[in-house]
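> UniProt numbering puts the first residue of the sequence shown at 1, with every later residue one more than the last. Beta carbons: idealized from backbone N, C-alpha and C, even for Gly. Fair warning: this is a prediction, and the values are worked out from it, not measured in the lab.
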Amino acid sequence: MDQWLLIFEFINFFCGCNLNFQYFLCSKLYRVQAKVLQDKEEKVTVEDSFQPKSFPDDEGKGNSGELLESSSSSLLERWTIKVEQSVNILLTESVVKILDTLYNDRYYARFFVLETIARVPYFAFVSVLHLYESIGWWRKADYLQVHFAESWNEMHHLLIMEELGGNALWFDRFLAQHIAVFYYFMIVFMYILSPRMAYHFSECVEKHAFTTYDKFVMVQGDELKKLPAPEVAVKYYMEGNLYLFDEFQTDRAPQSRRPKIENLYDVFINIRDDEAEHCKTMKACQTPGNLRSPHSC
């Protein structure tokens with residue numbers, strides 16, 4: 001009996017230890033599982049809270065690419081403009097040297113050649129603009145009006161020089177006419193290739209004309225005041241089509257300039273001032289869409 005009691009107590013003891021051991025293992029397992037779940041939750045929380053953002057350099061990659069492309073385009077445009085203007089200045093200076101050699105003291109003959117050449121670009125501009133209009137590319141009414149008014153003004157400068165005897169010699173007429181023909185086709189080609197370059201070249205020619213007339217009136221001013229004004233000059237500046245006279249002066253309001261012609265000095269002063277207005281207009285034309293007829297403002 002005592003033996004069976006001892007065996008029974010041993011079994012109870014063993015089962016109790018086993019239950020305690022199982023409880024211990026389960027509690028440990030549960031704690032480990034809870035710890036793993038907690039770590040996972042913390043990891044998820046941390047990962048959700050930290051969303052990697054691109055660095056400023058990464059964010060600016062798209063914008064910097066656009067800026068780089070824009071900068072490259074701007075640099076190329078500046079370089080192109082510099083080349084165009086350098087070529088124009090070289091061509092202008094070459095022609096000026098020829099005129100200085102051939103017409104050192106022959107003022108009126110030089111002015112005749114200069115005015116024959118100076119009006120050619122406006123013929124070329126109008127020709128190309130009419131071509132574009134005819135084939136349906138675009139229409140630029142303001143440009144046509146202004147360029148025609150410019151050619152009208154230069155034509156009267158030429159008529160004045162002819163009345164003063166600038167075209168008396170056959171050689172002067174021959175030289176002026178042949179230069180004008182070559183000049184016309186050159187400007188047409190240039191205007192089709194780059195209107196900006198063509199306008200700048202015309203600006204260079206007009207600047208030279210302004211400088212030439214300005215020096216002339218400074219040197220010969222006293223003599224010019226003693227001479228009468230040519231009839232064609234009086235009719236143009238005081239009795240002519242003043243609408244067209246205002247039209248080429250795009251930097252001025254209409255009717256803001258009304259010349260008075262009393263002698264030859266006044267004529268050359270006004271021709272000089274006309275050339276200055278041509279320079280302003282040609283400069284405005286170098287920015288696309290910048291030209292407006294004074295009467296359309």
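1. How big is the Cα-Cα spacing for residue 212 and residue 175?
2. Would a check of beta-carbon distances place residue 196 closer than 7 angstroms to chain B?
3. Have a look at 137, 94, 153 and flag the residue whose alpha-carbon is nearest the alpha-carbon of residue 118.
4. In this structure, how does DSSP classify residue 195 when only helix, strand and coil are distinguished?
5. Whose C-beta lies closer than 8 angstroms to the C-beta of residue 261 among residues of the same chain, with five residues either side of it excluded?
6. Using only CA atoms, which one of 219, 113, 208 lies nearest to residue 178?
7. So the alpha helix (DSSP H) residue 272 belongs to, where does it begin and stop?
8. Tell me whether residue 281 is buried or exposed, calling it buried when 16 or more other Cβ atoms sit within 10 Å of its Cβ.
9. Compare the Cα-Cα distances from residue 139 to each of 145, 197, 129 and report the closest residue.
10. Could you check how far apart the C-beta atoms of residue 249 and residue 277 are, in whole angstroms? I think they sit under 8 angstroms.
11. With a cut-off of 8 angstroms, do at least 3 Cβ pairs link the region 251–260 to the region 186–203?
12. Roughly how many whole angstroms lie between the Cα atoms of residue 290 and residue 159?
13. Please state the DSSP three-state secondary structure of residue 253.
14. If residue 200 and residue 96 are in contact, beta carbons under 8 angstroms, what's the gap, nearest whole angstrom?
15. Tell me whether residue 209 counts as near the ligand PLP, meaning its Cβ is closer than 6 angstroms to at least one heavy atom of that ligand.
16. Note the first and the last residue of the continuous alpha helix (DSSP H) segment covering residue 293.
17. Output yes or no for whether 7 angstroms exceeds the beta carbon distance between residue 217 and residue 180.
18. Measuring only the C-alpha atoms, how far is residue 164 from residue 124?
19. Spatial neighbours of residue 85 within its chain, please: CB distance less than 7 angstroms, with the 5 preceding and 5 following residues excluded, ordered by chain position.
20. Roughly how many whole angstroms lie between the Cα atoms of residue 196 and residue 223?
21. What is the DSSP secondary structure of residue 148, reduced to helix, strand or coil?
22. Is residue 151 closer than 7 angstroms to residue 122 when the C-beta atoms are compared?
23. Please identify the residue among 172, 171, 162, 198 whose C-alpha is closest to the C-alpha of residue 184.
24. Quick check for students: name the residue ranges of the alpha helix (DSSP H) that lie wholly in the region 95–126, counting only runs of 4 or more.
25. Return the residue from the list 98, 79, 272, 145 that minimises the CA-CA distance to residue 244.
26. Starting from the C-beta of residue 210, find all residues in its chain whose C-beta is less than 7 angstroms away, skip the five residues before and the five after it, and write them out in chain order.
27. DSSP on residue 258, reduced to helix/strand/coil?
28. Under a three-way DSSP split, which group does residue 158 fall into?
29. Could you give the residue range of the alpha helix (DSSP H) that holds residue 247?
30. Hey, how far is the Cα of residue 148 from the Cα of residue 246?
On the basis of the data shown:
1. Each residue's alpha carbon lies about 19 angstroms from the other.
2. You won't find chain B in this structure, because it holds only one protein chain.
3. For residue 118, the nearest C-alpha among the options comes from 153.
4. Residue state for residue 195 is assigned as helix, using DSSP reduced to three classes.
5. Close CB contacts of residue 261 within its chain, under the 8 angstroms cut and outside five residues either way in sequence, are with 229, 233, 234, 237, 238, 267, 270 (chain order).
6. Measuring from the Cα of residue 178, the nearest candidate turns out to be 113.
7. Here the alpha helix (DSSP H) through residue 272 covers 264–285.
8. Under this definition residue 281 is a buried residue.
9. Among 145, 197, 129, the Cα nearest to that of residue 139 is on 129.
10. Beta-carbon to beta-carbon, residue 249 and residue 277 are separated by about 4 angstroms, close enough to satisfy the 8 angstroms threshold.
11. Contact between the region 251–260 and the region 186–203 is absent, because fewer than three Cβ pairs lie under 8 angstroms.
12. Cα to Cα, the separation comes out at about 31 angstroms.
13. Assigned with DSSP and collapsed to three states, residue 253 falls in coil, not helix or strand.
14. With a Cβ gap of about 16 angstroms, residue 200 and residue 96 do not count as contacting.
15. With respect to small molecules bound, the structure shown includes none, and the ligand PLP cannot be examined in it.
16. Where residue 293 is concerned, there is no enclosing alpha helix (DSSP H), given that its DSSP letter is neither H nor E.
17. Cβ distance not < 7 angstroms, so residue 217 and residue 180 don't count as in contact.
18. Between residue 164 and residue 124, the alpha-carbon positions lie close to 27 angstroms from each other.
19. 200, listed in sequence order.
20. Approximately 40 angstroms between the Cα atoms of the pair.
21. Residue 148 falls in the helix class under three-state DSSP.
22. Between residue 122 and residue 151, the C-beta spacing is below 7 angstroms.
23. Taking each of 172, 171, 162, 198 in turn and checking the Cα distance to residue 184, the smallest one comes out for 198.
24. Taking 4 residues as the shortest admissible run, the region 95–126 contains the following complete alpha helix (DSSP H) segments, listed from N- to C-terminal end: 107–118.
25. Taking the Cα of residue 244 as reference, the smallest distance to any Cα among 98, 79, 272, 145 is reached at 145.
26. Around residue 210: 272, 275, 276, 279.
27. Residue 258 falls in the coil class under three-state DSSP.
28. Residue 158: helix per DSSP, three-state reduction.
29. It spans 242–247 - the alpha helix (DSSP H) in which residue 247 sits, taken as one unbroken run.
30. Those two C-alpha atoms are separated by around 12 angstroms.
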